[in-house]
Each structure stands twice: as C-alpha cells, then as structure tokens.
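The next block holds one structure in the form of structure tokens; read it before the comments.
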Amino acid sequence: MSWLWSWWSSPRAPAPAAVAKSGAQELTERQLHALHDEWNRAQNRSRVEADTILAKLVNENNELRDRLTATQSELKDSRTHVRIARKLVFGIFDLEEDFFSSRILHSPNREQAAVEALMLKVAEAAHSGAGSNSGRPWTVVCFFFWNGSREFIDRLLANGLFDSLRDYENFIGRLRRLHPLFQLLTLDIPKEALRQKQADFTLAFGRAASATKLVLGRWALNDRMFEALVSLERPAQHLGDSNVCFVEPLVGTLVSPAVRRLRPRFWSFEGTLRAIPLARRAGDNRMLEINFNKPLWQQNPPLCLDYYLNGKRCYDERCTFSHGYRLQPQVVEALRYEVARTACPLEASGHPCPDGLGCHFAHVCPRDLTCDRKRCRFPQWMHSPRVASPPTTVAAATPAPAVGFPADPLLPSSGAPYPKVPRAPTAHPEGTENPGRVPPVGGTLHEIQPASPFAHPLSVASEHRAPSGQSPRPPELVQLTDAELAQMLRKARAEEKEYERGLREDPFVGSGPAKPGA
Numbered sequence: 001m002s003w004l005w006s007w008w009s010s011p012r013a014p015a016p017a018a019v020a021k022s023g024a025q026e027l028t029e030r031q032l033h034a035l036h037d038e039w040n041r042a043q044n045r046s047r048v049e050a051d052t053i054l055a056k057l058v059n060e061n062n063e064l065r066d067r068l069t070a071t072q073s074e075l076k077d078s079r080t081h082v083r084i085a086r087k088l089v090f091g092i093f094d095l096e097e098d099f100f101s102s103r104i105l106h107s108p109n110r111e112q113a114a115v116e117a118l119m120l121k122v123a124e125a126a127h128s129g130a131g132s133n134s135g136r137p138w139t140v141v142c143f144f145f146w147n148g149s150r151e152f153i154d155r156l157l158a159n160g161l162f163d164s165l166r167d168y169e170n171f172i173g174r175l176r177r178l179h180p181l182f183q184l185l186t187l188d189i190p191k192e193a194l195r196q197k198q199a200d201f202t203l204a205f206g207r208a209a210s211a212t213k214l215v216l217g218r219w220a221l222n223d224r225m226f227e228a229l230v231s232l233e234r235p236a237q238h239l240g241d242s243n244v245c246f247v248e249p250l251v252g253t254l255v256s257p258a259v260r261r262l263r264p265r266f267w268s269f270e271g272t273l274r275a276i277p278l279a280r281r282a283g284d285n286r287m288l289e290i291n292f293n294k295p296l297w298q299q300n301p302p303l304c305l306d307y308y309l310n311g312k313r314c315y316d317e318r319c320t321f322s323h324g325y326r327l328q329p330q331v332v333e334a335l336r337y338e339v340a341r342t343a344c345p346l347e348a349s350g351h352p353c354p355d356g357l358g359c360h361f362a363h364v365c366p367r368d369l370t371c372d373r374k375r376c377r378f379p380q381w382m383h384s385p386r387v388a389s390p391p392t393t394v395a396a397a398t399p400a401p402a403v404g405f406p407a408d409p410l411l412p413s414s415g416a417p418y419p420k421v422p423r424a425p426t427a428h429p430e431g432t433e434n435p436g437r438v439p440p441v442g443g444t445l446h447e448i449q450p451a452s453p454f455a456h457p458l459s460v461a462s463e464h465r466a467p468s469g470q471s472p473r474p475p476e477l478v479q480l481t482d483a484e485l486a487q488m489l490r491k492a493r494a495e496e497k498e499y500e501r502g503l504r505e506d507p508f509v510g511s512g513p514a515k516p517g518a
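Going by the UniProt record's numbering, the sequence shown opens with residue 1, and the numbers climb by one from there.
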C-alpha cells in the first residue's frame, strides 16, 4: 500500500492537516476495495441499461424505416390506381340559371345546406348514368359562374329571397369560403363571353382522363354546346348513353328540336335548385299597399296567407299569391280574425278542402248553434245538425219518470232527464259533493253534459290539470235550474247581438264574402 500512502502525501492531494480539521475518518483498505467494487457494479448496470435502450431505439428506427418504405411504395402504386379507379365528377353551373331554391335559402344554415345538397345531387346524377359503379369512390367538384349582373341581384331582392343587398353579399361571401371543391367564379365580362368560358371548361374537363362524369346546368341547353359535347373524344350516337347529365329545365322553358333529338339525360334537382323562374321584373322593389275599402283577403293582388299568417316564409316556388305587402302586426291580426270567420271557399262550394285543420278559413260557422241560419253567410252543411225538440216548460209538480232519451240531447227538457252518467271520483263522499244544489220547489235540475255546447263557458268543472303520468280528470256534470238556464241563454243571446253589432262596425270586414253561386 506504499503507492496509496504516496498518493495521499503527494502535493496534489489535500493537506493532512485540513483532513484532520474536517474530522473525516480514514478508510481502511477493505472499505476502499468495497467502494471500488460497488462503483464497478453500478457502471456495469448503467452500461447494460444503456445498451438495452439503444437496442430498442435501433429496432424502432428500423421499423419506422420499413414502414416509410412500404408507405412510399403504396403511395407510388396508388397514384397509378387513382388515375384508373378514382374519377372526378365535374358540375358546371350558372348562378343566374341555376340558383338555389327558396327552401334552402330560408333554412337556418343556408350556405352549408346549399353546398351539401348540391354536391349530393351531383353525386346522385353521376351514379345514375350508364356504366356507373356504386362502389367506386367519387370526388365531386362544382363550379358556379356569374358575371356580377346587378339586374340579377335586383330580381332576387324583388322576389323576397334576400332581405337586403348586404344579406345577399354575406351569403355569397360565406359561400366562397365554405368548401374547397365548391368554387364560385365571378367574371366581369358580357354574358356571351361567360358562356364561352363555361364551354371551354366543360370541353377541357370532358377530355381529361380523370373525368368520367359531367353534370351541366341549364346554361348548356343550346345547340352549339350540344354539338361540342357530341364531338368529344368519346362520341356517342345520342347523349343518353354518354357520361353527360343535365339539370332539368325550368318550367316553361323551350328545348329546341335539335337538342331533343340527341335524347339528353336530365336529372331533377328539386329542392336544391329553383324549378320556377323568377316572376317579377328587375328593379320592382316597391312594396304594395293595402286597400282598406275591401276585405283583407280580397286584395288585388291577393295576399299569401301562408306567408303572413303562419309566421314563416312561403317555400312554394309555384305560389301565385303576393308576398309584396308590408303589413303591420295589428293588420296581420285583423287579417287572421277576418279569415277565421270567413267560410272556406272550397267547403262552401261543396268540395273537400285538402288543408283540413290547417286551413286558415272556417269550416264550421263560428256561431253554429246560436246562428240565425236564414241570414247566415255560411251554407247549411257548414252548421251542426239540429233535431227538433218540444219547448222546455216549468213543471207544476214533480214530473213522472220518463223512459228513454229526450228528443234533443243538446236541449234537455224538464220532462225528459238525461240517463244517469257515472261521475268522476271526488274527495267528497256520495251525496255531500254540493249540498247547496237542491231541486227547487216545483222545478227540476238540468244536467249539462261535458259534450254539450253549454259545457263551455257555463261549465264549472275543475280546470286543474292532472299530474304527469295520470289520466286527466273527466269534467263533472253541471246542474242548472230552469231559471238559471233561461238566464244563461238570455246572456248568451245578448253577447251574440253585441258581437254582431261590433262585426258590422268593424272596418276590416266590409260587405263580406259573396255567396256561392251568386
């Protein structure tokens, strides 16, 4: 151990006096050997762990390299496969000729609905053609061309499709940014030059190897475009067997005989693109005025009741009624009141009304049983049937028990009481429900059934609703004496006369509807 002692006594080692001052104990030879062995074992363990981690990293690196090589090979093969198996469907439309339908424009998220519905229709048209494979992946690319015509914007505003010019600009701006495969191209060029651009796009896509389907808008329904389509590299005897599909023409559009001879294949875009041309002339943005000298439902042009009374827009593009009136809320309520008390023209003329309960007009006389049918404007079949019954008399004594039902179940008489109807269970014991209602001397109690026209508003049945999960409580019968019933009838007649007087003074009613057949 002389070398160890020489190392400790060397000038590079700390001074022995300093060690002595620190109070550290000197290690024996055995302890030094033990520390050296422990240090060697720690080094070996660290080396083994490092070798293990390095081996894992190398293996992972080799796996990633193999996967990268395989992916690059698959990508290289798929590029060739896409050229053969994955084809593009090009839809080329014109914004003026192929504008969106009213139902889409009035939907909550109209831009998203317009793009999704159009691409779905284009894909359906592509799958419907000859030689289409439903299992083949399709990519739909749509182009909309527009020359920025101010006249077209005025027509849209005049037809009420947009509230203002700003609303239309917001719609177009969001439409441009919505989908990368939906392109809206605005070219400030004349319409003839725009048609030539559309034709160039169509022929270029038709000759491309990646395109197998073309869906063209109504702008392509002309002789020149059809001749160019027939002269493509894959000609056909008629376009019905080709890969070109056309949007169904607008209602009333004339298709030339030269086009019809080629038997083109049309596809309906109903619910997505307009099927009816815009009716009003451009720049006619003025609102119509109400003529208060005539009934509201007899204006010229007539109002669209669905547009004003349903609280929603009219989605029917074939609607021939006017949407151009600006009505105040009180006028809308007056129109609703007037129409609800006017006989349905179809029902009044003896024809069934297809709207049923959704009809805005009345199918039954609102006065019905209290109506003087001789002077009523409603025909007889729009009233409830009446059955003649003997007049109600006040009996001098207790009447004898009658057998059977009375002649008129709606007008019970004192001599023909109703058969006993079981009452709904109540919280009071039998016989104590209403102790104050006892038959008067020399008279009877009239029981009004819930189905009787007198059950409302004369009924005093409880209006409390049944708890959830339980059946509603049936209304109880109402018992009235002869004097009370007569008083109620007098009050109802007085209210009816007051109503008729107010109806005659109502400025919105006027002379009323004409009688059928007059």
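Glycine included, each C-beta is placed from N, C-alpha and C at the ideal position.
No experiment lies behind these values; they were computed from the predicted model shown.
- Message: Pairs of beta-carbons, one from the stretch 356-374 and one from the stretch 324-343, closer than 8 Å: are there three or more?
- Response: yes
- Message: Quick check: what's the CA-CA separation for residue 52 versus residue 44?
- Response: 12 Å
- Message: Suppose contacts are defined by Cβ-Cβ distances below 7 Å. Is residue 226 in contact with residue 259 by that definition?
- Response: yes
- Task: Could you name each continuous beta strand (DSSP E) segment of 3 residues or more that falls completely within the stretch 193-217, going from the start of the chain to the end?
- Result: Listed in chain order, the complete beta strand (DSSP E) runs (minimum 3 residues) inside the stretch 193-217 are 211-216.
- Could you name the residues that DSSP lists as bridge partners for residue 92? 143 and 216
- Please report how far the alpha carbon of residue 93 lies from the alpha carbon of residue 197, in whole angstroms. 12 Å
- Query: Should residue 87 go down as buried or exposed, given a rule of 16 or more other Cβ atoms within 10 Å for buried?
  - Reply: buried
- Item | Buried or exposed (CB count within 10 angstroms, at least 16 for buried), residue 451 | Note that residue 451 scores a pLDDT of 43, beneath 50, so its modelled location is shaky; the value from the coordinates is reported in the next line. Classification of residue 451: exposed, given that the 10 Å Cβ count is below 16.
- Selected residue, minimal CA-CA separation from residue 296, among 267, 271, 330 and 318: The shortest CA-to-CA distance from residue 296 to any of 267, 271, 330 and 318 is the one to 330.
- Query: Quick one: what's residue 183 bridged to in DSSP?
  - Reply: Under the DSSP definition of a beta bridge, residue 183 partners with 143.
- Task: Report the residue from 300, 324 and 317 whose alpha carbon sits nearest the alpha carbon of residue 308.
- Result: 324
- Message: If contacts are defined as beta-carbon pairs under 8 Å, then residue 304 and residue 321 qualify, I think. What distance do you get, rounded to the angstrom?
- Response: Going by Cβ atoms, the distance from residue 304 to residue 321 rounds to 4 Å, so yes, they are a contact pair.
- Please go through the same chain and pick out, in chain order, the residues whose beta-carbon is closer than 7 Å to the beta-carbon of residue 160, but skip the five residues on each side of it. Within the same chain, residue 160 has close Cβ partners 323.
- Query: So, do the stretch 188-208 and the stretch 167-179 have three or more beta carbon pairs nearer to each other than 8 Å?
  - Reply: No, the stretch 188-208 does not touch the stretch 167-179.
- Message: Does residue 166 pass the burial test, meaning 16 or more other C-beta atoms within 10 Å, or should it be called exposed?
- Response: By the 10 Å Cβ count, residue 166 comes out exposed.
- Message: Tell me which residues share the same chain as residue 420 and place their Cβ nearer than 8 Å to its Cβ, disregarding the 5 neighbours each side in the sequence.
- Response: Its pLDDT being 43, under 50, residue 420 is placed unreliably in this model, and the value from its coordinates should be taken loosely. Nothing listed; no residue qualifies.
- Query: How about residue 271 and residue 97: do their beta carbons lie closer than 7 Å?
  - Reply: no
- Query: Using the rule of at least 16 other Cβ atoms within 10 Å of the residue's Cβ for burial, across every protein chain shown, is residue 73 buried or exposed?
  - Reply: exposed
- Message: Quick check: the Cα distance between residue 50 and residue 64, rounded to an integer number of angstroms?
- Response: For the pair residue 50 and residue 64, the Cα-to-Cα distance works out to about 21 Å.
- Message: Please report the straight-line C-alpha distance between residue 504 and residue 498, rounded to a whole angstrom.
- Response: 10 Å
- Task: Go to residue 247, then tell me how far its alpha helix (DSSP H) extends in each direction, as first and last residue.
- Result: Taken as a continuous stretch (DSSP letters only), residue 247 belongs to no alpha helix (DSSP H), being part of the beta strand (DSSP E) at 244-247.
- Query: In the structure shown, what three-state DSSP assignment does residue 320 receive?
  - Reply: coil
- Under the three-state DSSP convention, the category residue 253 falls into: If DSSP states are grouped into helix, strand and coil, residue 253 belongs with coil.
- Message: Suppose contacts are defined by Cβ-Cβ distances below 7 Å. Is residue 185 in contact with residue 145 by that definition?
- Response: yes
- For residue 95, does the count of other Cβ atoms within 10 angstroms reach 16, so buried, or fall short, so exposed? Result: buried.
- Message: Here's the rule: buried if 16 or more other CB atoms are within 10 angstroms of the residue's CB, otherwise exposed. What is residue 155?
- Response: buried
- Between the Cα of residue 378 and the Cα atoms of 347, 351, 42 and 353, which residue gives the shortest distance? Ranked by Cα distance from residue 378, the first of 347, 351, 42 and 353 is 347.
- Query: Are residue 267 and residue 125 closer than 7 Å when you measure CB to CB?
  - Reply: yes
- Sequence-distant residues of the same chain with beta carbon closer than 7 Å to residue 306, five excluded per side: Excluding positions up to five away in sequence, the list reads 314.
- Quick one: Cα of residue 46 to Cα of residue 28, how far? 27 Å
- Query: Are residue 245 and residue 261 touching if we call contact CB-CB under 7 Å?
  - Reply: With respect to residue 261, residue 245 sits apart: the two C-beta atoms are not nearer than 7 Å.
- Message: Quick check on the burial criterion: 16 or more other C-beta atoms within 10 angstroms. Buried or exposed for residue 114?
- Response: buried
- Short Cβ contact (7 Å threshold) for residue 318 with residue 99: no
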